[in-house]
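With the working numbering as the guide, the letters of the sequence shown map in order to residues 290 to 502. Cβ atoms here follow ideal geometry from the backbone N, Cα and C, with glycine treated the same way. Before any comments, here is the structure.
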Amino acid sequence: MAAERAGSLASERGGTGTFGHRHQPVNLVALPTRIYLTGFMGSGKSTVGPRVAEALGYRFLDLDALVEARAGRPIRAIFAAEGEAAFRAREADALAATTCEERVVVALGGGALASEANLRQALDHGFIVYLYVAPGALAERLRAGQAGRPLLCDAAGRPLSRPALLRRVATMLAAREPFYRQAHAIVDATGQAVDETVAAVVAAVQSARAPAV
């Protein structure tokens, strides 16, 4: 159902869902009021998001930061003390809270839409843009910050080796792609400069119709 909706939206816009041209002046009246940026960790959501928000005259929200603020501790501590399932429950609650916000760009955590309930909520209440980055490029981007990402460490909390990291990224991305690719638009950010990715996202948003909800 979601895939059919995404495909329908892409065909209405006369494109494949990937946008690469520079944005034109924004018509705020016609734009979706909530923009959700999804993609694997390291895809650039938290870097691109604030600049997209600035271009649209929207506010920027980071879902991971919202989870941390509500929990009163960092995500790594939540994972350590409560486990991934508890973190995902907190994440779902934070996502639900964003559906009440207006004129926002929200950077989602890499696994936030890897559940049907969260995906449906985001599809129904906003416009989702998937920032795709190839697995090898993701692994290179993530190497420096592995220690702060529990899912990229071994059972003892040590950062994975370079080959193990690439395998982990490829495996996780393959599992999440069916969810990511139900987004309303897909932007291939592999090898793109930040300015290019921002322009492509803004162009995708401009091409969208505002949801009825």
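Three-way DSSP call (helix, strand, coil) for residue i in this model
| i | result |
| --- | --- |
| F468 | helix |
| L326 | strand |
| D353 | helix |
| V341 | helix |
| D477 | strand |
| A403 | coil |
| L420 | strand |
| A482 | coil |
| R438 | coil |
| A386 | helix |
Cutoff 7 Å; reference residue i; Cβ partners in own chain excluding five residues on either side
| i | result |
| --- | --- |
| A459 | P424 |
| A360 | I367 and R379 |
| N407 | A381, L384 and A401 |
| E357 | P363 and I364 |
Rounded separation between residue i and residue j - CA only
| i | j | result |
| --- | --- | --- |
| R348 | A478 | 22 Å |
| I475 | I364 | 27 Å |
| A383 | R451 | 33 Å |
| R470 | G328 | 9 Å |
| E343 | Y421 | 22 Å |
| G398 | D353 | 6 Å |
| L412 | T388 | 11 Å |
| L454 | L440 | 10 Å |
| L449 | P321 | 40 Å |
| E429 | S496 | 32 Å |
Burial state of residue i (16 or more Cβ within 10 Å)
| i | result |
| --- | --- |
| E373 | exposed |
| V395 | buried |
| A488 | buried |
| P467 | exposed |
| V418 | buried |
| G480 | exposed |
| E380 | buried |
| R457 | buried |
| G434 | exposed |
| A401 | buried |
| A375 | exposed |
| G415 | buried |
| D351 | buried |
| V490 | buried |
Whole-angstrom C-beta distance between residue j and residue i, which should lie under 8 Å
| i | j | result |
| --- | --- | --- |
| L431 | G331 | 4 Å |
| T486 | V337 | 5 Å |
| R438 | E390 | At roughly 26 Å, the Cβ-Cβ gap does not stay under 8 Å, so R438 and E390 are not in contact. |
| V345 | V494 | In the sequence under discussion, the amino acid at residue 345 is Leu, which differs from the Val named in the question. That pair is a contact at about 7 Å. |
Own chain residues within Cβ distance below 8 Å of residue i, not counting five before or after
| i | result |
| --- | --- |
| L355 | A383, A386 and T387 |
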